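A.B. asks: Mind looking over this structure? Questions follow.
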Amino acid sequence: MESKQIVLIGLIGTALMTALVLSGWVADMVLAFVVLVAGILLTYYIALNQKRIEKYSTLRRVTKASAEIMVQTDLAAVLNCLTVHAQSLFEIENVLLWLPGDNITWPKNHEYNDLFADLEARVKSTSGVLQLTKRGKSSFTWPENVTWMGAYSLRKEGEFRGILLLLDSRKDRLQRLSGEMLNILCHQATATINRLLAEQEQKKDEQILIRALLAGTEAGDPIFIGHSERVHAVASLIGSKLGLDNEEMKTLHYAALLHDIGKYAETTIDPEDAEVAIDHATVGAELIPPIGIFKQVREAVRHHHERYDGSGYPLGLSKTDIPFSARIIAVADVYDAITHLCSEEEKLDYQTALGVIKKATGTTFDPLVVVALEEVADEVANLEPRLDEGEVE
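What follows is the structure, encoded as structure tokens:
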């Protein structure tokens, strides 16, 4: 029961009790006054307590929603999560995002760029959620069936970055408490969005560096140009089919791109100076720093020439002792070798190549990985023209 209802019921009850006492007229006037005051105070106390309960209940729900938003791993998930909680907590119908500098608008099928541009100046000068209600003529065009907007500014290092916009058909502004709670929710959403965008920017920078490194190493032998990119593309399809989580996919991503990085360094080693022969997988692993996620990347690179039956190198590991990423790269590596790195007379089409790999299931390759390659065979075949045009990241 809401606090307003409690107040109304309390006052009606107090008035009835007072009327009953007054039926004894003046002699009971003092008692009636006492009953009236007591009833009002009791009603006020109950209503105030109920209001506190409602406030803390809403705060708990907002805190829970903020925690859920914080752990999302992509922009669409953040905004979908915010939409669900905005509808649940405040009955807000739609959530939109506009990041002009990053060329991002969500959802993509909504064209509100003019509205966002009109709101930009107002949002920049407002802290918290800017609430606008449609009353009479307006300086900008309102979307159809929208009578309320809540606009929240996204900033990066104090600089304006974009707008988080909430749209609804309500007639009035949100009350103070709801406005404060919505501000908390939007603040968490924008913090998470900024974190994800920063991670994307970092990933792009890493990609530029890795691809520059690959270009330098592969340039030493033209036949290998594009090899690492193709292995990465095939390995990514297999990894997705096998249901690898985000961290495992990230490890696979870097390991597939860097799996042959030791080939260039290997050529600089003077055999007369080396006490033992060192393979390119070991050399490549030693080039990768053993920190953070690159500990796993390092091991995947080191062991991508191990064989499922234990007859590979450098350590002769077998079955599940071989890192999962290395088992995936092993299949993708051989697939690319027999479809691209062989002479024109020996190159195989993708169906024949798949047959060759299937024959080595259980000896050279992990059966689970081979099955996954079979299931994405059509997608792998479709990679060919896209890789040639540089469309696959």
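Per the working numbering: the sequence shown = residues 117 to 509.
In this text, a Cβ means the ideal position worked out from N, Cα and C, and glycines have one as well.
If you're wondering where the values come from, they're calculated on a predicted model, not measured in any experiment.
Could you spell out where the alpha helix (DSSP H) holding Q467 opens and where it closes?
C.D. replies: What you label residue 467 is simply residue 351 of the sequence shown in a count that begins at 1. Element bounds for Q467: 466-475.
A.B. asks: Going by DSSP in three states, T436 sits in which element: helix, strand or coil?
C.D. replies: Residue mapping note: residue 436 aligns to position 320 of the sequence shown, counting from 1. Of the three classes helix, strand and coil, the one that applies to T436 here is helix, per DSSP.
A.B. asks: When we look at the beta-carbon of A393 and count the other beta-carbons within 10 Å, is it buried (16 or more) or exposed?
C.D. replies: Taking the sequence shown and counting its residues from 1, one reaches residue 393 at position 277. Because the pLDDT of A393 is 45, which lies under 50, any placement of that residue in the model is unreliable, and the number read from its coordinates should be weighed accordingly. When all chains shown are included, A393 counts as exposed.
A.B. asks: Measuring CA to CA, which of G278, M186, K272 is closest to A314?
C.D. replies: On the sequence shown, residue 314 is found 198 positions in, with the first residue counted as 1. Of the candidates G278, M186, K272, the one whose C-alpha sits nearest the C-alpha of A314 is K272.
A.B. asks: Express the C-alpha separation of M297 and T174 in angstroms, rounding to a whole number.
C.D. replies: Here the question's residue 174 lines up with position 58 in the sequence shown. Here the question's residue 297 lines up with position 181 in the sequence shown. Approximately 8 Å between the Cα atoms of the pair.
A.B. asks: Within 7 Å of any Cβ in chain B, is that where the Cβ of G278 sits?
C.D. replies: The chain labelled as chain B is not found in the depicted structure, where only one protein chain is given.
A.B. asks: Taking DSSP as the reference, what is the three-state secondary structure of I279?
C.D. replies: Here residue 279 corresponds to residue number 163 of the sequence shown, with the count starting at 1. In the three-state reduction of the DSSP assignment, I279 falls in the strand class.
A.B. asks: How many angstroms separate the CA atom of V487 from the CA atom of V211?
C.D. replies: Residue mapping note: residue 487 aligns to position 371 of the sequence shown, counting from 1. Residue mapping note: residue 211 aligns to position 95 of the sequence shown, counting from 1. If you take the alpha carbons of V487 and V211, they lie about 41 Å apart.
A.B. asks: So is R168 buried or exposed if we call it buried at 16+ other beta carbons inside 10 Å?
C.D. replies: Taking the sequence shown and counting its residues from 1, the one referred to as residue 168 is at position 52. It is exposed - the Cβ of R168 has fewer than 16 other Cβ atoms within 10 Å.
A.B. asks: Between the alpha carbons of V447 and L373, how many angstroms are there, rounded?
C.D. replies: The residue you call residue 447 lines up with position 331 of the sequence shown. The residue you call residue 373 lines up with position 257 of the sequence shown. If you take the alpha carbons of V447 and L373, they lie about 14 Å apart.
A.B. asks: As a quick exercise: from A497, L205, L195, pick the residue whose alpha carbon is nearest that of K171.
C.D. replies: Sequence index remark: in the sequence shown, residue 171 carries index 55 (1-based). Nearest of A497, L205, L195 to K171, Cα basis: L205.
A.B. asks: CA-CA distance, L431 and A401?
C.D. replies: In the sequence shown, the residue the question calls residue 431 occupies position 315. In the sequence shown, the residue the question calls residue 401 occupies position 285. Between L431 and A401, the C-alpha separation is close to 13 Å.
A.B. asks: I'd like the list of long-range same chain contacts for E415, defined as Cβ closer than 6 Å, with 5 residues on each side in sequence excluded.
C.D. replies: To locate residue 415, count along the sequence shown from 1; it is residue 299. P439, listed in sequence order.
A.B. asks: Given this structure, state the Cα-to-Cα distance separating D234 from G278, to the nearest angstrom.
C.D. replies: Position 118 of the sequence shown, counted from the start, is the residue given in the question as residue 234. Position 162 of the sequence shown, counted from the start, is the residue given in the question as residue 278. So the alpha carbons of these two residues sit roughly 12 Å apart.
A.B. asks: In three-state DSSP terms, what is D494?
C.D. replies: To locate residue 494, count along the sequence shown from 1; it is residue 378. DSSP places D494 in helix when its eight states are reduced to three.
A.B. asks: Given A442, which residues of its chain have a CB within under 6 Å of its CB, disregarding the five upstream and five downstream residues?
C.D. replies: As a first step, residue 442 is located in the sequence shown; it is residue number 326 there, counting from the start. Result list for A442: A416, H419, H420, in chain order.
A.B. asks: Grouping DSSP H, G and I as helix and E and B as strand, with all else coil, what is R286?
C.D. replies: For the purposes of this step, residue 286 is identified with residue 170 of the sequence shown, where counting begins at 1. R286: coil per DSSP, three-state reduction.
A.B. asks: Answer yes if the region 253-260 comes into contact with the region 217-232, meaning at least three C-beta pairs across the two stretches below 8 Å, and no otherwise.
C.D. replies: The region 217-232 vs the region 253-260: in contact.
A.B. asks: For a test of the three-state rule: what should DSSP assign to F256, helix, strand or coil?
C.D. replies: For the purposes of this step, residue 256 is taken as residue 140 along the sequence shown, with counting starting at 1. Coil at F256, not helix or strand.
A.B. asks: When you compare only the Cα positions, how much space is there between Q188 and L281?
C.D. replies: Counting from one through the sequence shown, the residue named residue 188 turns up at place 72. Counting from one through the sequence shown, the residue named residue 281 turns up at place 165. Rounded to the nearest angstrom, the two C-alpha atoms are 19 Å apart.
A.B. asks: Taking just the CA atoms, how far does D452 sit from S294?
C.D. replies: By one-based count along the sequence shown, residue 294 stands at place 178. By one-based count along the sequence shown, residue 452 stands at place 336. The straight-line gap from Cα to Cα measures roughly 58 Å.
A.B. asks: Which same chain residues end up closer than 6 Å to I208 when comparing Cβ atoms and leaving out the 5 residues on each side of it in sequence?
C.D. replies: Here residue 208 refers to the residue found at position 92 when the sequence shown is read from its first residue. The answer, listed in chain order, is A202, L282, D284.
A.B. asks: Hey, is the region 342-352 in contact with the region 462-469, meaning 3+ C-beta pairs nearer than 8 Å?
C.D. replies: no
A.B. asks: Around the C-beta of S427, are 16 or more other C-beta atoms found within 10 angstroms, so that it is buried, or is it exposed?
C.D. replies: For the purposes of this step, residue 427 is identified with residue 311 of the sequence shown, where counting begins at 1. Exposed, since its Cβ has fewer than 16 Cβ neighbours within 10 Å.
A.B. asks: According to DSSP, is V245 helix, strand or coil?
C.D. replies: The residue you call residue 245 lines up with position 129 of the sequence shown. DSSP places V245 in coil when its eight states are reduced to three.
A.B. asks: Hey, which unbroken runs of the beta strand (DSSP E) at 3 residues or more fall wholly within the region 168-215?
C.D. replies: 210-215
A.B. asks: Got a sec, what are the start and stop residues for the beta strand (DSSP E) T455 sits in?
C.D. replies: One-based indexing of the sequence shown puts residue 455 at position 339. First-last for T455: undefined, no H or E at that position.
A.B. asks: For my contact list, Y424 and G378 are in at a C-beta cut-off of 8 Å; report their separation, rounded to the angstrom.
C.D. replies: Against the sequence shown, residue 424 aligns to sequence position 308. Against the sequence shown, residue 378 aligns to sequence position 262. For Y424 against G378, the beta-carbon gap comes to about 22 Å, at or over 8 Å, which does not count as contact.
A.B. asks: Report yes if the C-beta distance between L198 and A305 is below 7 Å; otherwise report no.
C.D. replies: Counting from one through the sequence shown, the residue named residue 198 turns up at place 82. Counting from one through the sequence shown, the residue named residue 305 turns up at place 189. Yes, the pair counts as a contact, with Cβ atoms nearer than the cut-off.
A.B. asks: Nearest to L358 by alpha carbon, out of K240, G266, E491?
C.D. replies: Along the sequence shown, one-based indexing puts residue 358 at 242. Selected option, being the one with the closest Cα: E491.
A.B. asks: Under a three-way DSSP split, which group does G266 fall into?
C.D. replies: For the purposes of this step, residue 266 is identified with residue 150 of the sequence shown, where counting begins at 1. Looking at G266 - three-state DSSP - the assignment turns out to be strand.
A.B. asks: Between which two residues does the beta strand (DSSP E) carrying I220 extend?
C.D. replies: Position 104 of the sequence shown, counted from the first residue, corresponds to residue 220. Segment 220-222, the beta strand (DSSP E) holding I220.
A.B. asks: Roughly how far, in whole angstroms, is the beta-carbon of V413 from the beta-carbon of Y370, given that I think they are within contact range, below 8 Å?
C.D. replies: Indexing the sequence shown from 1 puts residue 413 at position 297. Indexing the sequence shown from 1 puts residue 370 at position 254. Going by Cβ atoms, the distance from V413 to Y370 rounds to 5 Å, so yes, they are a contact pair.
A.B. asks: Taking all protein chains shown into account, do 16 or more other C-beta atoms lie within 10 angstroms of the C-beta of Y514, making it buried, or fewer, making it exposed?
C.D. replies: Absent from the model: residue 514. The displayed extent of the chain is 117 to 509, so no value can be given.
A.B. asks: Taking the alpha helix (DSSP H) that G355 belongs to, which residues open and close that run?
C.D. replies: For the purposes of this step, residue 355 is taken as the residue at position 239 of the sequence shown. Per DSSP, G355 belongs to the alpha helix (DSSP H) from 343-357.
A.B. asks: From what residue to what residue does the alpha helix (DSSP H) around L374 run?
C.D. replies: The residue given as residue 374 occupies position 258 in the sequence shown. Element bounds for L374: 362-374.
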